[in-house]
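For the sequence shown, the positions run 693 to 1188 when the working numbering is used. This report concerns only the one structure given below.
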Amino acid sequence: MLPMIPKDKKPLALKSCCSDTAACCATSSSSDTLLANDKIDNLALQEGTFHFDYDGNKIHFISLGCPRNLVDSEVMLGILLKAGYEVTQELSQANYLVINTCGFLEASRKESMDTVKHALQQRKKTAKLVVTGCMVQTHHEEMEKQFPGIDYLLGSGDVQGILQAVQSTQKGKLVSNGRSFLENGEIPRQLSTPKHYAYLKIAEGCRKRCAYCVIPTIKGPLKSKSKEQILKEFNYLLNEGVHEIILIAQDLGDYGKDMGSRNQAALIDLLQSMLAIDKKFWLRLLYLYPDEITDELIALIKSDARICPYLDMPIQHINNEVLKSMHRATSREDVIKTITKLRHEIPHIVIRTSLIVGFPGETADQFEELAQFIQDYPLDNIGIFKYSREPGSYSFNLPNQIEEEVKEKRYRKLMKIQQKVLKKANSKYVGKKLMVIVEGYHPETNLLMVGRFYGQCPEIDGQIIINDSRKVKAFGELYLVEITEAAGYDLIGRVL
């Protein structure tokens, strides 16, 4: 039995600023909450933090960033809970504050700094503040200087040091050169997501060198988890009643290549082993590059309905010159070939991608090529981002940096086009019947409920708003829903 804390002994909530993260791609931040307990009244709908209502030393835990960061937060929380600490939702009542930061983009660093500032202002005088995560890994000196009130700084590769950080009687810092932490199942992990889904991280770090990205600097080289350990965790989650397991890494397609695997052989073998388990589940794959979506992978998705026909495939751009400047190992022709093949082989597949506008040197014509592409080859969901000039990235020193005003204009135009594309894409579901995980009440009224079908990933995609939910007996269960209307990013339906 893996030392994960059972679902019926979970904290009630985690503040997680999750965003549309596409592996080694541009991201932005938005505050969300993942609620988790067996009597779920309202899932992922209001801000909160991990909390238990027990007596004892209280820890207030804030997790910022992507699902991979969330898994690290769950490991740290598990370590602290196993050591006897308890967790409070109220920052002002905490004896210890832990903030797991995100440092990927300027916007996420600002959010991390603002969160630290707020914690220092709101904490009680005797409370200890521990700051950890990606921003600490790369900006610890800046944080020490700006916030002398921080008691302990812990790098992103030093997750196991959280107990030392909390228990230290003096100010301290632990930022190793390893950078990449990958839990091995021997460390307790406190699941924080709703009872019906969980993330399973199969690798950490990245072997690619995209020009705009600093992930290899922050997280280090690729480090894959063993197949045996992944399967242990996978089985544990299934036995805990988790219905949807979301595989994550910086790049799923590179899984096992640090251990000698070629192409996607290790990933295919892992997926086949998971599918050999005779249980019902949804298996969702996040972050696969276009060149990694092979015929073998497509055939595997087609062969078993338990793999969600959903792919998050970061493209970033479509112009070949821009792609080359970005150091992307693909081309316009390859991207179109992959999309066309996916649409032909799996007609009901949902494809998500991410795009960057305003990359250094992007001309007006190159941008227009991108704008035309998303109309000619419509994708179901797109995260659109303005290029962020990140210190330490190759593109930081490239000439012909684009003015912010131009980036904003291009961003707005692309968003407007995608909204029209999405409206048409969602309209095809009207009148159809879909199996939907009903997750909880609508944030604005208990008269409505919300859920997701296979084509909607938690936190980053739209949802299904259910206006006739009399037949719903429990949250986290599958129900057949008839879609009656498309409304922006969301669908509206009724339980049959």
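For each residue, glycine too, the CB sits at the ideal point set by N, CA and C. Small disclaimer: the values here were computed from a predicted structure and weren't measured.
Complete alpha helix (DSSP H) runs within the region 1030 to 1073 (minimum length 4 residues, chain order): 1056 to 1068
Helix or strand or just coil, what does DSSP make of D1182? strand
Pull up the CB-CB distance for I1043 and I1028, whole angstroms please, since I reckon it's below 8 Å. Not a contact, Cβ separation roughly 12 Å.
For Q1093, the nearest candidate out of I937, Y1079 and L992 (CA to CA): Y1079
For Q942, does the count of other Cβ atoms within 10 angstroms reach 16, so buried, or fall short, so exposed? buried
My output table needs one value for E936: the three-state DSSP class, helix, strand or coil. strand
Tell me the DSSP secondary structure of D950 in three-state form. helix
Under the rule that 16 or more other beta-carbon atoms within 10 Å means buried, what is L1183, buried or exposed? buried
Could you confirm whether any beta carbon from chain B is found closer than 7 Å to the beta carbon of K1029? Absent from the structure: chain B. Only one protein chain is present.
Among P982, S765, Y777 and I1158, nearest to K893 - alpha-carbon criterion: S765
Helix, strand or coil for R976, going by three-state DSSP, please let me know. strand
Alpha-carbon to alpha-carbon, L789 and E778: 12 Å
Expressed to the nearest angstrom, what Euclidean distance is found between the alpha-carbon atoms of G945 and C905? 18 Å
Beta-carbon separation of I1175 and G1185 under 7 Å? yes
Determine, using beta carbons only, whether I771 and V823 come nearer to each other than 7 Å. no
Identify the residues that DSSP records as bridge partners of Q781: which are they? Paired residues: none, contrary to the question.
Can you look up E1174 in the DSSP assignment and give me helix, strand or coil? strand
On the CB-based measure, 16 or more other CB atoms within 10 Å of its CB, does E984 come out buried or exposed? buried
Locate the beta strand (DSSP E) running through R1144, then write down its first and last residues. T1137 to R1144
My understanding is that V867 touches Q829, with C-beta atoms under 8 Å, so please give their C-beta distance in whole angstroms. 6 Å
Determine whether the beta carbon atoms of L769 and Q852 lie at a separation below 7 Å. no
Locate the beta strand (DSSP E) running through A890, then write down its first and last residues. Y889 to K893
Cα-Cα separation, E925 to S995: 24 Å
Whole-angstrom distance between H1009 and R899, CA atom to CA atom: 20 Å
Inter-residue spacing [alpha-carbon to alpha-carbon] between N931 and L959: 23 Å
S916: buried (16+ other C-beta within 10 angstroms of its C-beta) or exposed? buried
On a Cα-Cα basis, can you pick out the residue from S755, L1090 and V763 that is closest to I937? V763
Identity of the residue in Y928, C826, A857 and Y947 nearest G847 by Cα: C826
Can you give the Cα-Cα distance for P1006 and G864, rounded to whole angstroms? 39 Å
How is K865 classed by DSSP in three states: helix, strand or coil? strand
Quick one: what does DSSP say Y1086 is sitting in, helix, strand or coil? helix
Throw me the rounded Cβ distance for the A903 and H1019 pair, which I believe falls under 8 Å. 4 Å
Ignoring anything shorter than 4 residues or poking outside the region 815 to 858, list the alpha helix (DSSP H) runs there in chain order. 826 to 838
The region 1155 to 1173 in contact with the region 948 to 958 per 3-pair CB rule at 8 Å: no
I'd like the span of the alpha helix (DSSP H) that includes Y1103, first residue to last. E1096 to S1119
Assuming E1013 is part of the alpha helix (DSSP H), what are its boundary residues? N1012 to S1017
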